[in-house]
Amino acid sequence: MNKFFIPTIACTFFLWFSSCIKVVPTPTQLQMQVLDYNGFIVPNAAVYLYANQSDFLNDRNLLQTATTDPNGYFYFSNLAPTTYYYYVKSGCLDNFNTSYYLSQPLLSNQLNQYNPIYLEVSGTVSTKNVSNDPYDVYIDGVLKYRSQPRATTVDFTEISGGNHVVRVIQVSGFLYQPIDETFTVNVACGVSPTVTYPQ
Numbered sequence: 423m424n425k426f427f428i429p430t431i432a433c434t435f436f437l438w439f440s441s442c443i444k445v446v447p448t449p450t451q452l453q454m455q456v457l458d459y460n461g462f463i464v465p466n467a468a469v470y471l472y473a474n475q476s477d478f479l480n481d482r483n484l485l486q487t488a489t490t491d492p493n494g495y496f497y498f499s500n501l502a503p504t505t506y507y508y509y510v511k512s513g514c515l516d517n518f519n520t521s522y523y524l525s526q527p528l529l530s531n532q533l534n535q536y537n538p539i540y541l542e543v544s545g546t547v548s549t550k551n552v553s554n555d556p557y558d559v560y561i562d563g564v565l566k567y568r569s570q571p572r573a574t575t576v577d578f579t580e581i582s583g584g585n586h587v588v589r590v591i592q593v594s595g596f597l598y599q600p601i602d603e604t605f606t607v608n609v610a611c612g613v614s615p616t617v618t619y620p621q
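Numbers given in this note's numbering equal positions in the sequence shown, counted from 1, plus 422.
Shown next as C-alpha cells:
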C-alpha cells in the first residue's frame, strides 16, 4: 500500500467533514441593569422594547418584552444592529423622565452591555374644569393643553415625582380680565393630584 494513501484519505475526510459544519453566528443581544433613583436593584420590572421614538411614545409595534432578574438585569436577543427605545416600569417607578433610548446602534453578533437604567417616581396630574369657559393649562410653565373645554377632566401622565406648578388661564367668557390661577401639587407614589378650577 502506498504510504501516502492513508494520510491522503484522512485529509480528504477531514476537509469534507469540516466543510459540512454549519457555523451559527452569535445573535445580537442587549443587556442592561435597572436601578431605582437611590441606586438599589429593581427585580421583576417589566421592560418593553420599541424600534423608534414614535412607537415608544404611542405604545405601539412592541418588539419584545422582558422582566428583570433578581439582580435587576434584563436581556433581549435576536436584535438588529440598530438603536432602540425601551420603557421600564415597576409600580409607580419608570424611566420615562430619565433615559429611554440607546445613544448608538448595537454592535452586530455580540452581547451589548450598556449603563444602568434609573427609574424615578412618576404619576398623573389631573385638571378638572368646572366652569362654563375653556382654559389653557400649563404645568411648570409649559403649555400642556390649549383650551381645555368646560366641564371636562384631563389627565396628564408621566409627570415626575415632586412638586409642580399648575397654572390655568381663562381663554374666553370674560369681560375685562381672564381668570388666572396657580396651584402647587405634589406627585408621589400613590398620589395623583387633581386640580379643580376655577376656585
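Even glycine gets a Cβ: it sits at the ideal position worked out from N, Cα and C.
When the five nearest sequence neighbours on each side are left out, the beta carbons in the same chain lying within less than 6 Å of the beta carbon of Q451 are those of S499 and L533, in order along the chain. As summarised for the region 507-595, the continuous beta strand (DSSP E) elements at least 3 residues long and confined to that stretch are 507-512, 533-535, 539-551, 557-561, 564-570, 574-582 and 584-592, given in chain order. The secondary-structure analysis by DSSP pairs Y495 across a beta bridge with Q455.
For a cut-off of 8 Å, the C-beta gap from T504 to F496 is around 18 Å, too long to register as a contact. Separation of the CB atoms of D516 and S544 is rounded to 5 Å, and the pair is thereby assigned contact status at 8 Å. In this structure, the straight-line span from the alpha carbon of S614 to that of T448 is close to 46 Å. Secondary structure at L471: strand, using DSSP grouped into helix, strand and coil. Boundaries of the beta strand (DSSP E) harbouring V617: T616 to Y619, taken from the DSSP string. Excluding five sequence positions before and after I463, the CB atoms of its chain that fall closer than 7 Å to its own CB belong to L457, N493 and G494, given in chain order. Taking all protein chains in view, the Cβ of L484 is surrounded by fewer than 16 other Cβ atoms within 10 Å, so the residue is classified as exposed.
Note that the C-beta distance between L528 and L565 is not below 7 Å. Taking a cut-off of 8 Å for Cβ pairs, the region 556-563 and the region 584-604 touch, as three or more such pairs fall below it. Here the alpha carbon of A488 sits roughly 28 Å from the alpha carbon of D577. In the DSSP annotation of this structure, the continuous segment of the beta strand (DSSP E) that includes N608 starts and ends at D602 to V609. Counting only the Cα atoms, Q592 lies some 8 Å from S569.
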